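Colleague: Have a look at the structure that comes next, please.
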Amino acid sequence: MSEPAEVRADTQFEFITFSAGGQNYCLEITQIREIRRWTPVTALPHTPPDVLGVMNLRGAVIPIFDLSARFGLGKTPANERNVVIVAAVEGTTIGLLVESVSEILSVEKSAIQETPDIKSEATRHSILGMISVDDTMVRVVNLEAVLEAGKGLAL
Amino acid sequence: MGGNSIRDTFFEECEELLESLVEGLSLLEENPEDMETINAVFRSVHSIKGGAGAFALDRLVGFAHAFETVMDKVRDKQLQIDEKLMALFHRSGDQLTDLVTAARDESDLNEEAESGLIKELESYLGGETAQEDFNFDALTLDFDGPAVEVPIEEATPSERAFTIKFKPDRSLYENGHEPLLIFDALAELGALTVEADVNDLPSFDDFDPNDAVISWTLKLVTGDTETTLHEVFEFVEGLCSLDVSVDEAATEALPQVQAELPGPASASPPEPEETPQAIAEQPTPSAAAKPAAAQSGGGAASKESRGPKPTLRVDLDRVDRLINTVGELIINQAMISQRIEELDLPTVAHLTNELEAYKLLARDIQEGVMAIRAQPVKPLFQRMSRIVREASDATSKKSKLVTVGDSTEVDKTVIERLADPLTHMIRNAVDHGLEKPEVREEAGKDPTGTIRLSAAHRSGSVFIEISDDGAGLNRDRILQKAIEKNLVAADAELSDPEIDNLLFLPGFSTAGQVSALSGRGVGMDVVKNAVQALGGRVSIASTQGKGTTFSIILPLTLAVLDGFVISVADQTMVIPISSILETIRPNPRDIHLVGTDSEVVSVRGAYVPIVDVASSLGLTETKEASGTGILLLVSTEMQGMTALRVTAIHDQRQVVIKSLESNYAAIPGVSAATILGDGKIALILDPEEIIKLGHSSGPDLFAQQARMELRNV
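Quick mapping for you: the protein sequence lines, in order, are chains A and B.
Quick note, the first sequence lines up with residues 1 to 155 if you use the UniProt record's numbering.
Quick note, the second sequence lines up with residues 1 to 713 if you use the UniProt record's numbering.
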């Protein structure tokens, strides 16, 4: 569960920011494989509502999560700007449905603030840190946590 | 790593040699007089010794030498193989295996057993000790024997060579045709050589880029007819000058193409018509060599008639990469077919033929690639004979292992992952299954118990059975134990199969005390999980006093399956064809309601319960759509005959299995996923699980449970 921010030696980090459930999030650019337009997925039976289904990514079957629903912010409403962020973590490839992708954010390591001591354990676990951009706050998503919760079903 | 490659090769060879050693020993058991087998065993031990000497593995050399010396005595007919010596050979073989493993892993091995065995072996040598020279001269390795057993595919006699003179007109290019595409199409028909004639090419100043100046002479060797050939040029007819002739000279030149193949192919005669004869001649040397070797079997060890077939060592990753790519090819082929069908072209007659050929080729490639991964279960079974020996020694029972069908080929992964469960089950069979020799005699049975291990292909699956002729399952004790462990309610009324299946529950072990062998906390549930992870199932059948049989049913390959493409509640899914007995479009009169929500269908007088796939998967389906649908009759190990209701069947096709687990997690009722022709993903259903889901509580409860587990993470 090492923070990607600490693994890298250089101090400049690039993030892709996006919005999900009306909130701003970001992922480190090295974790992102590609960004695709939303295409209908094959639904899976017996899965929680944040698992939208599986999609064919050049021959691989990858699960698509609704990030907004995963964070308990309700289902992402269908919209033309919706995109799927394909990300890889620990050898697993997953897709995250988000409302829209905004920009590439380049920040110093010092600009990433630790998640303050908030009440919800789940929230603290799924957010690695925070970056303030102008007046808004961008949350760094802990991809491992998203995946872990997904794998919980296998138990 | 690179520096050790010779050493690695040695150990790889050792594995093969040990395999043939074990095989030889088991053959000897049946026929101790067979000199060929004795020689083969001797050679295996000797080769290990020789190799070990080169790597200064002294302990291995020392032991192999003692072993070999005794074998040599047997070979010279100075020693008779009796039961005692046979057992010693078996144990020595085991010890040799251990020594090889220890040498490979550079781990330490208990010397006690080794020196004890060496003593025992030396006791057979009478006065002369094992001090004679380590002698490597006796063996000349003979690799150039009848090595080539691969039948070389010869050109079919019907193949002809065509010479095509092709000179495009200006209009051909103006119409947007491309000669290269035509050549590609021709190359698909057979071996093609293309020669461009640039004599008409004007000087640069006179050159008109719109003019067609280059002509081609094409030589094609193909089994197809001239008509097929003309079809290739169909669209350019009238736009070029075309001259097709059958070329006798070129036909004779055909073997030149073949001459590049290694071995006897170079001996193929100039006329293809004579080819069959040439093929018939090839096996003769090997056929002649074999009897010769058998006759002079008592002599020098130089006859390699039982030598292994030539093989090629390939990194497994490369094979897997190939398999994956071929999987993609199959999907791609399906996609192309579907796209072309959608185009609804008016004259697609030969396009359809080509597509069909493409499909067959793709399948051929796939089968070929799959065959690379398929391996006989023999080595796995041979390993089990040692388990049986050790288990019987530890429990002071007498037992023998009988293997059936060990040439059955199974995917390599399956073999690898089956080793542990099988070991466990074999141990169980000896430890729990068989009775003590005294008890057996009292019951009027042979004091030596038999463990039967069999493998067979049956309708797209591999059946592996482990049976013992012991006392059978003690159902009262199993039930009692399960009640003690709170696995079932004390007042539960269970049928015999249900009691038997209690064995598979986690944390169940009947052995009163933890014996040295089984009952180490690893229960049958581990076996079951391992088999299920391979997409298979385990079942038990037991007869009181007669014995117990465990059956493992595994899919033949982990990569493809033949399935029905069905639709369930607007979703396209695939169901393995192997599980389906028949499909029924039921007459509404044949469907009867039992209770409030259970339905049965009468099939030729028998009532079969209906399970609605959509509802057992938790997919909502509108009431009117559910209607009668189509019923798929399946027979399962656990639930007997059941009819699965789906909305429609669309197609039957081979699909490539894509694991869901690799990126997500296992989903109840779904064994894997596949990619259909349109690029969409379809889920592959697991009929047995579907039926279980349908019988058990509602799907909502299941989802809830899954949700709970998620929260606990």
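For each residue, glycine too, the CB sits at the ideal point set by N, CA and C.
Remember, it's a predicted structure, so these values are computed and weren't measured experimentally.
1) Once you ignore the five residues that flank Gln338 (chain B) on each side, which residues in its own chain have a CB closer than 7 Å to its CB?
2) Please classify Tyr607 (chain B) as buried or exposed, where buried requires at least 16 other C-beta atoms within 10 Å of its C-beta.
3) CA-CA distance, Leu97 (chain A) and Ile104 (chain A)?
4) Within its chain, find whatever has a CB closer than 6 Å to the CB of Ala69 (chain A); leave out the 5 residues flanking it on each side and keep chain order.
5) Answer with buried or exposed for Phe564 (chain B), where buried requires no fewer than 16 other C-beta atoms within 10 angstroms of its C-beta.
6) Which residues, in order along the stretch 61-82 of chain A, keep a beta-carbon less than 9 Å from a beta-carbon of chain B?
7) Who are the neighbours of Thr93 (chain A) on chain B, taking C-beta pairs under 8 Å?
8) Quick one: any contact between the stretch 432-451 of chain B and the stretch 405-418 of chain B, if contact means 3 or more CB pairs under 8 Å?
9) Could you please give the first and the last residue of the uninterrupted beta strand (DSSP E) stretch that includes Ala161 (chain B)?
10) Is Ala43 (chain A) close to chain B, meaning its C-beta is less than 8 Å from at least one C-beta of that chain?
11) In the structure shown, what three-state DSSP assignment does Ala289 (chain B) receive?
12) Run through the DSSP bridge pairs and tell me what Ile464 (chain B) is partnered with.
13) Rounded to whole angstroms, what is the Cα-Cα separation between Ile38 (chain B) and Gly24 (chain B)?
14) Under 9 Å Cβ-Cβ, which residues of chain B neighbour Thr123 (chain A)?
15) Can you list the alpha helix (DSSP H) stretches of 4 or more residues lying completely in the UniProt domain "CheW-like" (12-152) of chain A, in chain order?
16) Determine whether the Cβ of Val54 (chain A) lies closer than 8 Å to any Cβ atom of chain B.
17) Give the range of the beta strand (DSSP E) segment to which Lys219 (chain B) is assigned.
18) Can you give the Cα-Cα distance for Asp117 (chain A) and His650 (chain B), rounded to whole angstroms?
19) Kindly indicate which three-state DSSP category Ser567 (chain B) falls into: helix, strand or coil?
20) Let me know if Thr9 (chain B) comes out buried or exposed under the rule of 16 or more other beta-carbons within 10 Å of its beta-carbon.
21) Nearest to Glu144 (chain A) by alpha carbon, out of B:Thr101, B:Tyr664, B:Ile684, B:Ser542?
22) Strictly below 9 Å CB to CB, what residues from chain A border Pro668 (chain B)?
23) Are the C-beta of Ile336 (chain B) and some C-beta of chain A separated by less than 8 Å?
24) Tell me, please, whether the CB atom of Ala703 (chain B) is closer than 8 Å to any CB atom in chain A?
25) Which residues bound the beta strand (DSSP E) around Thr193 (chain B)?
26) Which bits of chain B does Gly59 (chain A) rub up against, with CB to CB less than 8 Å?
27) What is the rounded straight-line gap between the Cα of Gly694 (chain B) and the Cα of Lys528 (chain B)?
28) Only counting the same chain, and skipping five residues up and downstream in sequence, which positions put a Cβ closer than 6 Å to that of Glu108 (chain A)?
29) For Ile451 (chain B) versus Ser399 (chain B), is the C-beta distance shorter than 8 Å?
30) State the CB to CB distance for the pair Gly629 (chain B) and Arg653 (chain B), rounded to an integer number of angstroms; the pair is presumed to be in contact (CB under 8 Å).
31) With a threshold of 8 Å, are at least 3 pairs of Cβ atoms found where one atom belongs to the stretch 575-592 of chain B and the other to the stretch 481-491 of chain B?
32) What does Ala682 (chain B) reach in chain A if we use C-beta pairs closer than 8 Å?
33) Is there contact here, the stretch 20-36 of chain B with the stretch 89-106 of chain B, by at least three beta-carbon pairs under 8 Å?
34) Looking at C-alpha atoms only, which residue of B:Met370, B:Leu617, B:Pro687 is the closest neighbour of Ser635 (chain B)?
35) Going by other Cβ atoms of all chains shown within 10 Å of its Cβ, with 16 needed for buried, is Met425 (chain B) buried or exposed?
36) On the DSSP bridge assignment, give the partners of Gln652 (chain B) in chain order.
Modeller: Reading it off the structure:
1) Gly677, Asp678
2) exposed
3) 18 Å
4) Pro49, Asp50, Lys75
5) buried
6) Val61, Ile62, Pro63
7) Asn663
8) no
9) 160-168
10) yes
11) With a pLDDT of 40 at Ala289 (chain B), under the threshold of 50, the predicted position of this residue should be treated as unreliable, and no value is reported.
12) B:Ala455, B:Ile552
13) 7 Å
14) Chain B residues near Thr123 (chain A): none, gap ~14 Å exceeds 9 Å.
15) 67-70, 121-126, 143-151
16) yes
17) 215-222
18) 56 Å
19) strand
20) exposed
21) B:Tyr664
22) Pro45, His46
23) no
24) Model confidence at Ala703 (chain B) stands at a pLDDT of 44, short of 50, so the residue's coordinates are unreliable and nothing is read from them.
25) 190-197
26) Asn324, Gly327, Glu328, Ile331, Lys658, Ile675
27) 21 Å
28) Thr11
29) yes
30) With 8 Å as the limit, Gly629 (chain B) and Arg653 (chain B) do not qualify as a contact, their Cβ atoms being about 21 Å apart.
31) no
32) Thr42
33) yes
34) B:Pro687
35) buried
36) B:Phe564
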